[in-house]
Structure formats: structure tokens, C-alpha cells
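Counted the way the working numbering counts, the sequence shown spans residues 12 to 115. Since the structure comes first, as C-alpha cells, the remarks are kept for the end.
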Amino acid sequence: MFCSRSFTQKHNLTIHMRLHTGEKPFQCEICSKSFSAQGNLQAHIKAHKGQKDHVCAVCKKGFVTSSELTRHMSKHTGIRNFKCDICEKSFSQKRDLKTWLPNG
12 MFCSRSFTQK
22 HNLTIHMRLH
32 TGEKPFQCEI
42 CSKSFSAQGN
52 LQAHIKAHKG
62 QKDHVCAVCK
72 KGFVTSSELT
82 RHMSKHTGIR
92 NFKCDICEKS
102 FSQKRDLKTW
112 LPNG
């Protein structure tokens, strides 16, 4: 057993299991990079093509995925939902908090 995550749809479990097995069946025809999920490959191909369909209403910067735009919006809103339990410093992005922590 790998982890205790559960899913209501088998497809989501299949994609998640690839994180544990390292399987990456979707390969970019442009640069040969491989991905565990087809959606990630599609976003990657859009990046190659410079296709940025998600545009910030505030500064007009474009992004390949909606999640990138959502992450970017925290710069404009100032919302910092990720707080260090040690020193209480807060961050707008989870990855910044992980970098801040001693054991990442």
C-alpha cells in the first residue's frame, strides 16, 4: 500500500497511482518530456506554443493554466493563507512556505 488517499472515481485513482509508480505514459512530441496525466501534457504543449488563455484582469499577464492564474492573483489580493507554525510568517503560495521550513 502506498498511501491512504481515496477517490470516488477510478480514473482519479489511476492518475494518483502514477505518482507512486513513476509511470509517465504521456510524452511531448516536441521535447520528449513525459507526464503522468494527459492534462499536464496538454498544458505543457500550450506553453511550447505560447498559448496563454488565462489572463489576469488586473495586470493583463497571461498564463497557460487557470491554476497559474489563481496563484498569480494572490500577488494582487495580498492574501497569505500559508503560515509557518514556528514563526508565524505567512506566504501566498504553499511552495514558498515549504522552502521557508527547515525540512521543506
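Beta carbons are placed, not taken as given, at the ideal position from N, Cα and C, and that holds for glycine.
### Distance CB(I97)-CB(L112) smaller than 9 angstroms
yes
### Task
Work out the CA separation of N23 and Q62 for me, nearest whole Å.
27 angstroms
#### Entry: Contacts around S45, its chain only, beta-carbon distance under 6 angstroms, and the 5 residues preceding and following it disregarded
Hits under 6 angstroms: K35, Q38.
### Query
How big is the Cα-Cα spacing for A58 and V75?
6 angstroms
### Query
Do you know how far the Cα of E40 is from the Cα of K100?
43 angstroms
### Message
By DSSP's criteria, G73 is part of a beta bridge. Which residues make up the other side?
### Response
Its beta-bridge partners are V66.
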